[in-house]
Amino acid sequence: WFRLNVLGEGGALDTADQPVRVRLRAARMGERPGSLFSTERDYVASELRDAGLGDVLARCQVGDSVSLIAPAQAITWNRLASATPITMPDTGMIAIELSFLAEREPERAVVRGLSPEAERGLLDSLVKSDGRWKRWGTSQLHYRILEPGNDTLAISKGQEVTITYTGLLPDSTVIDGLRDSGGELTFVFGDPDQVIEGLEVAVSLLHDGGSGRFLIPSELAFGALGGGAGSVPPNMPLIYEVEVLRVVRGPDGPS
Numbered sequence: 639w640f641r642l643n644v645l646g647e648g649g650a651l652d653t654a655d656q657p658v659r660v661r662l663r664a665a666r667m668g669e670r671p672g673s674l675f676s677t678e679r680d681y682v683a684s685e686l687r688d689a690g691l692g693d694v695l696a697r698c699q700v701g702d703s704v705s706l707i708a709p710a711q712a713i714t715w716n717r718l719a720s721a722t723p724i725t726m727p728d729t730g731m732i733a734i735e736l737s738f739l740a741e742r743e744p745e746r747a748v749v750r751g752l753s754p755e756a757e758r759g760l761l762d763s764l765v766k767s768d769g770r771w772k773r774w775g776t777s778q779l780h781y782r783i784l785e786p787g788n789d790t791l792a793i794s795k796g797q798e799v800t801i802t803y804t805g806l807l808p809d810s811t812v813i814d815g816l817r818d819s820g821g822e823l824t825f826v827f828g829d830p831d832q833v834i835e836g837l838e839v840a841v842s843l844l845h846d847g848g849s850g851r852f853l854i855p856s857e858l859a860f861g862a863l864g865g866g867a868g869s870v871p872p873n874m875p876l877i878y879e880v881e882v883l884r885v886v887r888g889p890d891g892p893s
């Protein structure tokens, strides 16, 4: 059973590849909305289709609010949960209130936690929005070299490197403004647990005096748990602007 409560004015949902803010409340018939499951977060269309809501997507657009009544087992509920498994009754009907609140522009994607599928959609949108990105191998890390540097020597494991950088969320919120404060970071390249993995990859792609812009997936940053004292949500890709200030190459090479 399907009822349209509010007609939106946004785009179609069944082909959307950008995150869409969804509010969902599920309850047994006659009980308080959301008493079984309640969430408001970003999804991409593929997640909602995989959860069994493909027919709903085909009939809705951004801004719509609908009511559904469906068998409890018609929905794959754990596809809708970001972390905690959902326990639903084996039989009976479930009342669902579903609102498609807003389609997010790539650079304004939600700063709350993303699901892995929503992160992939966001990364794809960010890359497509600027054709200058280059992909690092087969990973989801992308980069642009802004300044080539003073030489063509690769930075090697064991060398002391001094960098400055600015770390940003996709909506341009600064999470680490080391460059803006005039700060520097010195570390031994290749030693574990000194910087996030994506930042070390960034340095490996630069030369002494070089700089670049790097789109780093969460698996090479703070992962599914987030970090940065709460400033980086779970599964959130980051953008780093990095400059190599100095490289100490040891007694057998230039510094």
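Per this note's numbering, the very first residue in the sequence shown carries number 639; after that it's consecutive. No residue lacks a Cβ here, since even glycine has one placed at the ideal position from N, Cα and C.
No Cβ-Cβ contact shorter than 8 Å links I707 with M726.
In this structure, the beta-carbon distance from T804 to R817 falls below 8 Å.
Beta-bridge annotation (DSSP): M731 is paired with P709. Q699 is positioned such that its CB atom lies no closer than 8 Å to that of G668. DSSP places D693 inside the alpha helix (DSSP H), whose first and last residues are G692 to R697. The beta carbon of L784 lies closer than 7 Å to those of S849, G850 and R851 in the same chain, with the five residues before and after it left out. The criterion of a C-beta distance shorter than 8 Å is satisfied by P855 and E757. Here P786 has G848 as same chain residues with Cβ atoms under 6 Å from its own Cβ, once five neighbours each way along the sequence are excluded. Positions of the alpha helix (DSSP H) runs, each at least 4 residues long and wholly inside the segment 830 to 872, are given as 835 to 842 in order along the chain. DSSP places N788 in the coil class of the three-state scheme, outside both helix and strand. L779 has its alpha-carbon roughly 8 Å from the corresponding atom of L858. Secondary structure of R817 (DSSP, three-state): coil.
With contacts defined by Cβ atoms closer than 8 Å, E735 and R663 form a contacting pair.
Contact check between the segment 756 to 771 and the segment 811 to 827: fewer than three CB pairs, one atom from each, fall below 8 Å, which does not count as touching.
Residue nearest to V880 within the set G828, L837 and R659 is L837 (criterion: CA-CA distance). Per the C-alpha coordinates, the member of S794, I813 and L806 positioned closest to V885 is S794.
In this structure, the CA atom of S673 is about 20 Å from the CA atom of W639. Distance from I834 to L853 at the Cβ level is roughly 13 Å; contact not present, criterion being Cβ atoms closer than 8 Å. Judged by DSSP in its simplified three-state form, G775 adopts coil rather than helix or strand. Across the structure, R659 and S737 are spaced so that their CA atoms are roughly 8 Å apart. Within the DSSP bridge table, the entry for R782 names R851 as partners. Short of 7 Å from the beta carbon of D789, and not among the five residues preceding or following it, lie these beta carbons of its own chain, in chain order: H845 and D846. Within its own chain, the residues whose Cβ lies closer than 8 Å to the Cβ of M874, once the five positions on either side in sequence are excluded, are V749, G751, L752, E757, L807, P808, S856, A859, F860 and G864, listed in chain order. Sixteen is the threshold: when 16 or more other Cβ atoms of the shown chains lie within 10 Å of the Cβ of G759, as they do, the residue is buried.
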